[in-house]
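One structure below.
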Amino acid sequence: MSDFYQTGIITTLHQLGKPSLERLESELYGFSKVRPIALVLPSLYSEFEGPAMPGIVQELAKVKYLNEIVLVLDNASEKEFQKVREFMSPISTDVRIIHNDGKRISEIYETFARNGFNVGERGKGRSAWLSYGYVLARRRSDIIALHDCDIVTYSRELLARLCYPVVNPNLDYVFCKGYYSRISNKMNGRVTRLLVTPLVRSLQQLVGPHNFLAFLDSFRYPLAGEFCMTTDLARVNRIPWDWGLEVGSLAEVHRNYSPRRVCQVDIAANYDHKHQVLSADDASKGLMKMTVDICKSIFRTLASEGVVFSDGLFKSLLVSYLRQAEDTIMKYEADAAINGLKFDRHEEAMAVEAFTRAIGMATQVFMENPMATPLIPNWNRVTSAIPDIFEMLQIAVDADNK
Amino acid sequence: MEDFINLILEPLKELFLKFKVFVPNLLAMLVILFIGILLALVLKRFLAKFLAAINFDSWSDRMGFTKLMRKGDLWSKPSATLGEAVFWLLIIVTLMSGLNALQITAIDQLVNQFFSYIPRIFSAAMILTIGYLLSGFISRTVLIAAANSGFHYAKLLAKAVHTLLIMLILAMIMEQLQIAPSIVLAAFSIIFGGIVIALAIAFGVGGINAARRIIEKETMPKREDETKDEIEHI
Numbered sequence: 002m003s004d005f006y007q008t009g010i011i012t013t014l015h016q017l018g019k020p021s022l023e024r025l026e027s028e029l030y031g032f033s034k035v036r037p038i039a040l041v042l043p044s045l046y047s048e049f050e051g052p053a054m055p056g057i058v059q060e061l062a063k064v065k066y067l068n069e070i071v072l073v074l075d076n077a078s079e080k081e082f083q084k085v086r087e088f089m090s091p092i093s094t095d096v097r098i099i100h101n102d103g104k105r106i107s108e109i110y111e112t113f114a115r116n117g118f119n120v121g122e123r124g125k126g127r128s129a130w131l132s133y134g135y136v137l138a139r140r141r142s143d144i145i146a147l148h149d150c151d152i153v154t155y156s157r158e159l160l161a162r163l164c165y166p167v168v169n170p171n172l173d174y175v176f177c178k179g180y181y182s183r184i185s186n187k188m189n190g191r192v193t194r195l196l197v198t199p200l201v202r203s204l205q206q207l208v209g210p211h212n213f214l215a216f217l218d219s220f221r222y223p224l225a226g227e228f229c230m231t232t233d234l235a236r237v238n239r240i241p242w243d244w245g246l247e248v249g250s251l252a253e254v255h256r257n258y259s260p261r262r263v264c265q266v267d268i269a270a271n272y273d274h275k276h277q278v279l280s281a282d283d284a285s286k287g288l289m290k291m292t293v294d295i296c297k298s299i300f301r302t303l304a305s306e307g308v309v310f311s312d313g314l315f316k317s318l319l320v321s322y323l324r325q326a327e328d329t330i331m332k333y334e335a336d337a338a339i340n341g342l343k344f345d346r347h348e349e350a351m352a353v354e355a356f357t358r359a360i361g362m363a364t365q366v367f368m369e370n371p372m373a374t375p376l377i378p379n380w381n382r383v384t385s386a387i388p389d390i391f392e393m394l395q396i397a398v399d400a401d402n403k
Numbered sequence: 678m679e680d681f682i683n684l685i686l687e688p689l690k691e692l693f694l695k696f697k698v699f700v701p702n703l704l705a706m707l708v709i710l711f712i713g714i715l716l717a718l719v720l721k722r723f724l725a726k727f728l729a730a731i732n733f734d735s736w737s738d739r740m741g742f743t744k745l746m747r748k749g750d751l752w753s754k755p756s757a758t759l760g761e762a763v764f765w766l767l768i769i770v771t772l773m774s775g776l777n778a779l780q781i782t783a784i785d786q787l788v789n790q791f792f793s794y795i796p797r798i799f800s801a802a803m804i805l806t807i808g809y810l811l812s813g814f815i816s817r818t819v820l821i822a823a824a825n826s827g828f829h830y831a832k833l834l835a836k837a838v839h840t841l842l843i844m845l846i847l848a849m850i851m852e853q854l855q856i857a858p859s860i861v862l863a864a865f866s867i868i869f870g871g872i873v874i875a876l877a878i879a880f881g882v883g884g885i886n887a888a889r890r891i892i893e894k895e896t897m898p899k900r901e902d903e904t905k906d907e908i909e910h911i
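So the sequence lines, in the order shown, correspond to chains A and B. Going by our numbering, the first sequence opens with residue 2, and the numbers climb by one from there. Going by our numbering, the second sequence opens with residue 678, and the numbers climb by one from there.
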């Protein structure tokens, strides 16, 4: 059981006691009549061959309060797309599959490109953005919930708790992020534990009190891929298409809404999904690539809010981060010890060294080109340039799903 | 015996003579086809480059032509589709010219009919293009005007106007292409007439009280105190 301490400038909704799932779902069913919910699932075909997706489909088949499910399927042939349709058939909710590699959706991407929109490379960011567009085009839902498709420990309670704060009209939240602990027989979630939190705190140390840093530090798991938001927010938010997706999205939420309307919710006692390799020697893949993208996103957001970065500040940042991360390792070592979890201190120290190198690379990239922005434009801008894009997107998806 | 051989050879000779006359025509047709196909290919490529240079696809996206294509389940670039259309039109023209070179009476008639039909195809295409743009413009104007007047069903009204205009344009195109003109005319009259009668009944029944009030107000004798006030109206 967790404590009830409120951290930072956003609201934290803890899991206290054993709340009844039936009560939660029945309330959600009532609220969803006036605030219909769309669930967005960005997925790869390979995830349908893994252990997570069968469990997710089994659980989603029991959910009654969803208005629609939009699954964005990447890296799938036509035959595999048909298999996925079959796979999703046990779910009674209206399921729409966006086939990213199909000829119709490819043409939609072509339309964006020829009208001067850089929607980035293939990935979760681009998929999520396109599915928001589809939900906005259909105008059937007011709330969008999103979670990954590689959650091995998935239960429908996760979805219910994620949706509840935004769907309940009495609570007045526009954005809610999930949090959870990431443990097996050891502690996972290295990027959050050893990179983001120490980096944000060392930046606070160097830059001084800053709204965005305080906002970011308020999240218990800023890199969690599960969140719920209103469609109004989906319309105005710009989304990064690289690994900076989570941090960049939080930056956009911070820019567009007051922290009073943002919350985080405990959605699972434990959470396990596909693990990324560290790839310490190659900054173009694995956790190293993720680290570089996250750092760039944070630096860019801070710069856009008036923070002046210099060589000296970046040099101090590396040293300050290293100290913060080392202290963090010690804290987690003690935490692991009392909970009987394995803790490889050397491996953690190696990760911190790799992250330090990645921060160095990110500072270099940022200094060379601080304007390079991987943000996909928001839907308001897209519809202003291509007025019929929603209709075209809807025609494409509906034709694929016939 | 000689007569019998002649009987066999005469038709063959005749056939050979006809073939001799026909061969140059056939060659002419093949040359026309070859040059026509080559020209069509060159023009298609040139058109693709020209349309790309003037950002035709982007313009088409904004004007609503791309949406029209997508509704028809056409998923190539608008410029590529236009290029293909021009290419196949040239191929058909080439084929017709080639067949004309054969100088066969039955085919000549067909070719003449085809060439006399081409202006109709062009005018139908023009009606479609201008009509579609105009209908979009008018429906948007209706939407803005109705929304600004606080009309609750502004979007529905704009869509209805758009649909009616598209129906009108389609009927004009069919009439222009001479595709079952009498049926099109009858169908159009019935549908349009039906809509007008439906609207008349709807407004008539719905507005019966309002109409009564207006008529009563007009026909009611004016009260004396109204007519005899101190100020005389001119």
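C-beta atoms are modelled at their ideal positions from N, C-alpha and C, and glycine is treated no differently.
Assigned secondary structure, residue i (DSSP; H/G/I helix, E/B strand, else coil)
i	result
B/Y830	coil
A/N406	Only positions 2 to 403 of chain A appear in this structure, which leaves residue 406 of chain A out of reach.
B/I714	helix
A/R97	strand
B/M851	helix
A/M372	coil
B/L779	coil
A/M230	strand
A/K403	coil
A/Y180	strand
A/S335	Before going on, a small fix: residue 335 of chain A reads as Ala here, not Ser. It is helical.
B/A857	coil
B/M844	helix
B/A929	No answer is possible for residue 929 of chain B: the residues shown for chain B start at 678 and end at 911.
A/L1	Outside the modelled stretch of chain A, which goes from 2 to 403, sits residue 1 of chain A, for which no answer is possible.
B/M912	Look at the range of chain B in this structure, 678 to 911, and you will see that residue 912 of chain B is not part of it.
Beta-carbon neighbours of residue i, restricted to chain A and to distances below 8 Å
i	result
B/G741	P388 and D389
Contacting residues, own chain, Cβ-Cβ under 8 Å from residue i (five flanking each side not counted)
i	result
B/I868	M844
A/D218	G9, T198, V201, R202 and Q205
A/D401	F82, I98, I99, H100, G103, R105 and I106
B/A757	A725
B/T743	D734, S737 and P755
B/P688	none
B/F638	There is no way to answer for residue 638 of chain B, as the model of chain B reaches only from 678 to 911.
Chain-ordered neighbours of residue i on chain B, where CB pairs are closer than 7 Å
i	result
A/E392	K744
A/K104	W752
A/R141	Going along chain B, no residue has its Cβ under 7 Å from A/R141, so there is no contact; the nearest lies around 16 Å.
A/E108	W752
7 Å Cβ shell around residue i - same chain, five flanking residues per side excluded
i	result
A/Y322	P199, L200, S203, T357 and I360
A/I38	Y66, L67, N68, S142, I144, A146, C164 and V168
A/G226	H148, D149 and E247
A/A161	L22, L25, E26 and L29
B/T771	I709, L710, G713, I714 and A717
Sequence-distant residues of its chain with Cβ nearer than 6 Å to residue i (five each side left out)
i	result
A/D364	Reading off the sequence, residue 364 of chain A comes out as Thr, not Asp. Counting only Cβ-Cβ distances below 6 Å, and skipping sequence neighbours, we find F315.
B/A801	I850, Q853 and L854
A/V167	I144, Y174, C177 and C229
A/N76	L45 and Y46
A/F300	F367
A/H255	F213 and F216
B/F764	A717 and K721
B/I846	G808
A/T94	L67 and I70
A/M89	V96
Within chain B, the residues that residue i reaches when beta carbons sit closer than 8 Å
i	result
A/A400	D750
A/E111	K754
9 Å Cβ cut-off: residues of chain B touching residue i
i	result
A/A397	R747 and W752
A/N381	Simply none; closest approach about 16 Å.
Complete beta strand (DSSP E) runs within the segment 5-77 of chain A (minimum length 3 residues, chain order): 12-14, 38-45 and 67-75
Which residues of the segment 746-759 of chain B have a Cβ closer than 8 Å to any Cβ of chain A? Give them in chain order. Within the segment 746-759 of chain B, the residues whose Cβ lies closer than 8 Å to some Cβ of chain A are R747, K748, D750, W752, S753 and K754, listed in chain order.
Entirely within the segment 233-317 of chain A and at least 3 residues each: give me those beta strand (DSSP E) ranges in chain order. 263-269
Against chain A, which members of the segment 726-739 of chain B pass a CB distance test of less than 7 Å? D734, S735, D738 and R739
4-residue-minimum alpha helix (DSSP H) runs that sit fully inside the segment 706-759 of chain B, ordered along the chain: List check, alpha helix (DSSP H) in window: 733-740 and 742-748.
Members of the segment 116-129 of chain A that neighbour chain B once the beta carbon cut-off is set at 9 Å: N116 and G117
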